[in-house]
Every structure is written in C-alpha cells, then in structure tokens.
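Convert by adding 343 to the 1-based position in the sequence shown; the result is the number in the working numbering.
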Amino acid sequence: MATRVYECLKSIGEKIIENKDFLTDLDREIGDADHGVNMARGFQGVIEKVAQDDPDIGAVLKKTGMTLLSTVGGASGPLYGTAYMEAGKVLAGKNEISTDDFLAAFDAAIAGIQKRGKAEKGEKTMLDSLIPAREAFAEAAQGGADLKSSLDAACKAAEEGIEFTKTIAATKGRASYLGDRSIGHQDPGATSATITLETIRDFL
Ligand code: ADP
Ligand code: MG
C-alpha cells in the first residue's frame, strides 16, 4: 500500500510537471510567472528523494512535505509542504487509508495551510478549491460513498472552486497587489490543488 502511495505521489508529480507551463502562464497573469516552475521543481525532488518502499504512509507524506518545503519556494512551497506534513502526522503508522482517514488527513492539510497562510475561503487562493472539495468529500462519504466516489465529488467541487476564483479579487498572496485587476483570472494555486485531487482520484 505504501508503495502505492509513492506511486500516487509520483503520478501527482508527473501531472504537475506536465502542467508546468500552464500553471506558470496562469501565474504570469496575476503573479510572477513561477508557480508551475516552482511546483515542478518540488515534485521532481519528491519523485527522486521520497523512499519508494517505506510501509508507513505518514512517513512518506512527511518526507514529501519536507521536500516541497525545501525545494518549491514562493508562497506555495511552505503551504503545500505544511499540507503534506500535517496529513502525514494524521496518517502516521498507517499502511492503508480508509475514507475516514482521508477526510482526517484532508482536514489537517487545510488547517495547516490556513495556520500558515492566514487565508479564508473567498480570497482567491488554493483554499477556494480545497475547502469546497473537502465539504463535498465529507458529504459524499457521510452518505456512504467509497473513497473514489467521494473524491469524485471533491474534484467536481474543486473545479467549481477554480471557476469561482475567476469572479473574485485576490486579497492574499502576490495576486492581491493587483486588487480588482485580478478578477477574470483563475488562481494558479487553486488549479494545482485541483490537479492534485484529480490525479489522486484517477489513481484509485
Ligand atoms: P508566489 O506567489 O510566492 O510566487 P507561487 O506562485 O508558487 O508563489 O504560488 C501562488 C499561489 O499560492 C496562489 O495562486 C495561491 O493559490 C497560493 N497562495 C498565496 N498566498 C496564499 C495564502 N496566504 N494562503 C493560501 N494560498 C496562498
Ligand atoms: Mg508566483
């Protein structure tokens, strides 16, 4: 199972690397044109440095977070790094993940991002995809959906979250320097967060 978690992280990395130019172009519109470059560098590090056969899912995620923290840079490095590290704490010692485990890890990841970045939903950040995705995941799971179906619901909400970011002005991060001129553009971080969730869903 832990090998599968490494494979899943590798798959996330490959998708991020594949979308490097797209994410960077989005960041060119409202930021400093480095989101894709930052994230691709970070996940290249994850693919190379994270142990492929560690049975402890928590340890694998913790190492992923530390690698992102030290290699991504920008605002998103510490935020994604913290998200993976906090999820890793919740999953420490586990070699399988239930729907409840996933929800607990998802909650911890979001709490970590919010503690570090002090943003709420509606500020045009990755949280505009992640928070609605978490809500949709919880609702589906509570209704009896399995992990993959719950993630499917989460992905739909995350996609809607991306659309929502086009309608609002940024009040956190670099894009906030643009004020209302950031309206009309989709947030790069909300996009990379959605790509992440979609890759996990597709992996299952
Ligand atoms: P930087 O803005 O330092 O160049 P990146 O370009 O890698 O960093 O990442 C930008 C993304 O980071 C934004 O699109 C946004 O989603 C996310 N972000 C920025 N600040 C915050 C914050 N305080 N909380 C959550 N996400 C944030
Ligand atoms: Mg940037």
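Cβ atoms here follow ideal geometry from the backbone N, Cα and C, with glycine treated the same way.
Using a threshold of 7 Å, is the CB atom of residue i nearer than that to any non-hydrogen atom of the ligand MG?
{"i": "aspartate 523", "result": "no"}
{"i": "aspartate 338", "result": "The chain is shown from 344 up to 547; residue 338 falls before or after that span and cannot be answered."}
{"i": "aspartate 364", "result": "no"}
{"i": "glycine 417", "result": "yes"}
Who are the Cβ neighbours of residue i in its own chain at under 6 Å, not counting the five residues just before and after it?
{"i": "threonine 425", "result": "Gly455 and Arg459"}
{"i": "glutamate 429", "result": "Ala451, Ala452 and Gly455"}
{"i": "alanine 418", "result": "Gly516"}
{"i": "alanine 501", "result": "Ser472, Ala476, Thr537 and Leu540"}
Looking at residue i and the ligand ADP, is the gap between the Cβ and the nearest heavy atom below 7 Å?
{"i": "serine 441", "result": "no"}
{"i": "phenylalanine 384", "result": "Per the sequence presented here, residue 384 reads as arginine, with phenylalanine not at that position. Not under cutoff, so the answer is no."}
{"i": "aspartate 368", "result": "no"}
{"i": "lysine 458", "result": "no"}
Can you check which of these residues, the options, is closest to residue i by C-alpha distance?
{"i": "threonine 534", "options": "Met382, Val433 and Glu350", "result": "Met382"}
{"i": "alanine 513", "options": "Ala462, Thr537 and His378", "result": "Ala462"}
{"i": "glutamine 457", "options": "Tyr423, Gly401 and Gly356", "result": "Tyr423"}
What does the Cβ neighbour count give for residue i, buried or exposed, with the cut at 16 atoms within 10 Å?
{"i": "leucine 547", "result": "exposed"}
{"i": "aspartate 375", "result": "exposed"}
{"i": "aspartate 523", "result": "exposed"}
{"i": "alanine 435", "result": "exposed"}
{"i": "tyrosine 520", "result": "exposed"}
Does the CB of residue i have a neighbour CB from chain C at under 8 Å?
{"i": "glycine 436", "result": "The chain labelled as chain C is not found in the depicted structure, where only one protein chain is given."}
I'd like to confirm something about residue i: is its beta-carbon nearer than 7 Å to some heavy atom of the ligand COA, or not?
{"i": "glycine 408", "result": "As for the ligand COA, it is missing from this structure, which binds only the ligand ADP and the ligand MG."}
Using a Cβ-Cβ cutoff of less than 7 Å, which residues in the same chain neighbour residue i once the five nearest sequence positions on both sides are dropped?
{"i": "glutamine 395", "result": "Thr346 and Tyr349"}
{"i": "aspartate 377", "result": "Thr367, Asp370 and Gly417"}
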